[in-house]
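Q:
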Amino acid sequence: MTTTILYRVLLVVVHLTISLKELLAVICCRMMKLLTSGVGDGEPRSVPAIKHEASRRLKRLPVHLGIVVVEEDLHVVDIVKIVAWSMAVGISYITIYDYKGWCKKNKATILRVLEEQKEKMETNGQNKTKCSTVNNSNGVINPLTGGGDCQRQKPKLQIVGPEDGRQHLISVARHLSHQVLNCEIKNDDIAVPFVDAVIRGNDLDPDPDLVMKFGAVNSLLGFLPWQTRLTEIISLPTHHRIDFASFLTALDQFGYTEQRYGK
Amino acid sequence: MSWIRENKRSLIHDFCVRVLKSGPIPSHVAIIMDGNRRFARKNNFDRAVGHLRGFDKLAEALEWCWDLGITEVTIYAFSIENFKRSQEEVDCLMELMRKKFAQLMEEKELIEKYSVCFRVLGDWNRLPLDIQQMIAKSVAMTRNNNRAFLNICISYTSQDEICYAMRNLAEGVSLGIIDESDISESLFEKCLYTKKSAPPDLLIRTSGEVRLSDFLLWQSSYSVLSFVRVLWPEFSRWHLYSAVIFYQRNYNAVQKARTSMPTDQSQPDTDCHPVQKLSEQTAVNEPGAGKDCNRQELQAQRQERIGKFLLYLEQKDDDRIDRPLQSQDNRDDAAYNQQ
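Each protein sequence line maps, in turn, to chains A and B.
1 is the number of the first residue of the first sequence in our numbering; add one for each residue after it.
264 is the number of the first residue of the second sequence in our numbering; add one for each residue after it.
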């Protein structure tokens, strides 16, 4: 019994030591940022300034970014900042996910704050553009953004919840069973390319090639299992008061990944 | 190197294991053993040597896992995508499989001693027939063992597995064993290759890559993901200990997230098909009964259908194992008769 307690105490000491080390690392990092980049690093920047910094630093961009928030406490303003930066650097598809489905339920709030964020960024760059958002029945938004030309980039934003992951696969399984029962398809037709097309429906969006996971939990907590087969997963400690430098560092890390596709 | 190692732990490792085991230990660990070829390049070896070292490391890692009380390990040995590699490398990997499964058959006593159950998950039909037969023999030989479990994913991708589960369900519906509305997340999981396993608590990928590469996409949705910057043949006990500590640091948060998840919404109690059927039947038999439905009766009927379906699947699995063995017996008989 005494030895059991001793082992438990030692394990707690190990975990406390690791926590202390992580805390010191966070403090050092923040101090370095304050000393090197000064105040205002997390403030909205202009779209041209963001593009310039991204093109200077980044090797390549993801086509589709998944913003997966595994924290309990969601800050809409910070999530929206990440979306706005993603659009500004030129990422074509962005998906937001949180494991409780809060973002999907509060889509209108997120869109409203996103418009405000984009206006701030445009005001900073003195590039006033007319931008519009188009909602479709799937909750997918097609905002227009960029420079003086709204047609130049059309990043697509979607907000998903847990029901779009496993539960959607179950709906697909039921639908395919129904089709087989009614002889609309054969059982052998249920193979990867066919199922992939059914899952996507009318969307021709590519799978996320990068997920930025925000939060201390090292799990995707149900984010689109089918679509994440080749997704690079980069973890950031939190989305709270996220600064542009951290966002850019994560994108930079993505630039060095190399897909071999099994070869 | 043998599949099962019986090395005595050093005092320091014994001590570390005892300390770690005073906290939560994952019951099921999945491993993407990445980095064999890079290891070979780094050390100027042939790729074949890299893969051999990778297998040796697997045997070591299994011993370390079992020391820690991790009773189930699932490994990603060969993806369907790996068939795209050069014919030379694919042949080399197939040859390694032949040797290792043959070795497994020779170590029957040791495997029985530790009651290790070997399962091979994947689309066996894509493999050479002799390897299918060896796999079938190994799986049949160890199927009743129950102290430790090793799931080897060969000719596997997760999307292929998900389609396999969907085909099973569609077959069940078209044969009238289950109803379309019986399909739920829990039933779906019982149609996957991993039907006999709980989801992995921890998934480790070596070599520094930070993706799942089509491995256990469904099953690892709520697993702790540990991406380790070490090539698989260089993976050490200390890396495993670190991964377990990493798991422990995430344990409470993942448990909390899991309990706060919305429950399986894919199968509401008031599915229209069984309710309608029972209502219609009640109206025919007892015209005055109206549309009153007995929910408990519906659920009991559902459970009965699912029970029959699971027995059907079990029989299919047994056939899947027996078919390659029968094929070998037929070939042996034909060869004997020719003599």
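Glycine included, C-beta positions come from ideal geometry on N, C-alpha and C.
Within the continuous beta strand (DSSP E) that includes Ser418(B), where are the two ends?
A: Ala411 to Tyr419 is the extent of the beta strand (DSSP E) around Ser418(B).
Q: Any Cβ of chain A within less than 8 angstroms of the Cβ of Met360(B)?
A: By this cut-off, Met360(B) is not an interface position.
Q: Any beta-carbon of chain A closer than 8 angstroms to the one on Ser421(B)?
A: True, the Cβ-Cβ gap to chain A drops below 8 angstroms.
Q: Identify which residue in Asp73(A), Glu119(A) and Met121(A) has its Cα closest to the Cα of Asp98(A).
A: Among Asp73(A), Glu119(A) and Met121(A), the Cα nearest to that of Asp98(A) belongs to Asp73(A).
Q: Return yes when the Cβ of Ser484(B) is within less than 8 angstroms of the Cβ of Thr255(A), no when it is not.
A: Here residue 255(A) turns out to be Gly, not Thr, going by the sequence shown. Contact: no.
Q: Measure the alpha-carbon distance for Met1(A) versus Leu10(A) and round it to whole angstroms.
A: If I take the Cα positions, the gap works out to 14 angstroms.
Q: Below 8 angstroms between beta carbons: does that hold for Phe490(B) and Val507(B)?
A: No.
Q: Here's a check: name, in chain order, each residue in its chain whose Cβ is nearer than 8 angstroms to the Cβ of Arg568(B), leaving out the five neighbours to either side.
A: Closer than 8 angstroms at the Cβ level, and outside the excluded window around Arg568(B), lie Ile440, Ile441, Asp442 and Asp445.
Q: Going along the chain, which residues of its own chain have a beta-carbon closer than 6 angstroms to the beta-carbon of Phe451(B), five neighbours each way excluded?
A: These residues qualify, in order along the chain: Ala428.
Q: At what residues does the beta strand (DSSP E) containing Glu212(A) begin and finish?
A: A quick correction: the sequence has Met, not Glu, at residue 212(A). Unbroken beta strand (DSSP E) run through Met212(A): Leu210 to Phe214.
Q: Do we get a CB-CB distance below 8 angstroms when we pair His15(A) with the residues of chain B?
A: His15(A) counts as touching chain B.
Q: Quick check on the burial criterion: 16 or more other C-beta atoms within 10 angstroms. Buried or exposed for Trp481(B)?
A: Looking at its Cβ environment, which holds 16 or more other Cβ atoms inside 10 Å, Trp481(B) is buried.
Q: Looking at the secondary structure, which residues open and close the beta strand (DSSP E) in which His64(A) lies?
A: Element bounds for His64(A): His64 to Val69.
Q: Residues of chain A with a CB under 9 angstroms from the CB of Ser470(B): which are they?
A: Here the premise fails: no neighbours, minimum Cβ distance about 11 angstroms.
Q: Closer than 7 angstroms by beta-carbon distance: list the chain A residues that pair up with Arg257(B), in chain order.
A: For chain B, the structure presents residues 264 to 602; residue 257(B) sits outside this window and is missing.
Q: Counting pairs of beta carbons, one from the stretch 222-240 of chain A and one from the stretch 83-93 of chain A, are three or more of them closer than 8 angstroms?
A: Touching, no, given that fewer than three Cβ pairs across the two stretches are closer than 8 angstroms.
Q: Leaving out five residues before and five after Gly165(A) in sequence, what residues of the same chain have Cβ atoms less than 7 angstroms from its Cβ?
A: Same-chain partners within the cutoff: Gly222, Phe223, Leu224 and Pro225.
Q: If you draw a straight line from the alpha carbon of Thr36(A) to that of Arg229(A), how long is it in whole angstroms?
A: If I take the Cα positions, the gap works out to 38 angstroms.
Q: Compare the C-beta of Gly570(B) with all C-beta atoms of chain A and state if any pair is closer than 8 angstroms.
A: Not an interface residue.
Q: Anything in the stretch 59-81 of chain A with a Cβ closer than 9 angstroms to a Cβ of chain B? List those residues in chain order, please.
A: Here the close residues are Val70 and Glu72.
Q: Whole angstroms are fine: how far does the CA of Asp78(A) sit from the CA of Leu114(A)?
A: Each residue's alpha carbon lies about 10 angstroms from the other.
Q: Any Cβ of chain B within less than 8 angstroms of the Cβ of Ala250(A)?
A: Output row for Ala250(A): interface = no.
Q: So which residues of chain B does Arg229(A) contact, with C-beta pairs closer than 9 angstroms?
A: Neighbours of Arg229(A) on chain B, chain order: Thr420, Ser421, Gln422, Arg474, Leu475, Ser476, Asp477, Phe478 and Leu480.
Q: To which residues does DSSP link Val292(B) through a beta bridge?
A: In DSSP, Val292(B) forms a bridge with Val336(B) and Leu465(B).
Q: What three-state label does DSSP hand Thr457(B) in the structure shown?
A: In the structure shown, Thr457(B) sits in coil (DSSP, three-state: anything other than H, G, I, E or B).
Q: Do Tyr456(B) and Leu392(B) have their beta-carbon atoms positioned less than 8 angstroms apart in this structure?
A: Cβ distance not < 8 angstroms, so Leu392(B) and Tyr456(B) don't count as in contact.
Q: Do you know offhand how far Lys21(A)'s Cα is from Ile27(A)'s?
A: Rounded to the nearest angstrom, the two C-alpha atoms are 10 angstroms apart.
Q: Near Lys59(A), what residues of its chain come up, given a Cβ to Cβ distance below 6 angstroms and the 5 sequence neighbours on each side ignored?
A: Cβ within range, chain order: Gly255.
Q: Assuming the contact rule is C-beta atoms closer than 8 angstroms, Ser342(B) and Ser447(B) should be a hit. Round their C-beta distance to whole Å, please.
A: About 29 angstroms; that fails the 8 angstroms criterion.
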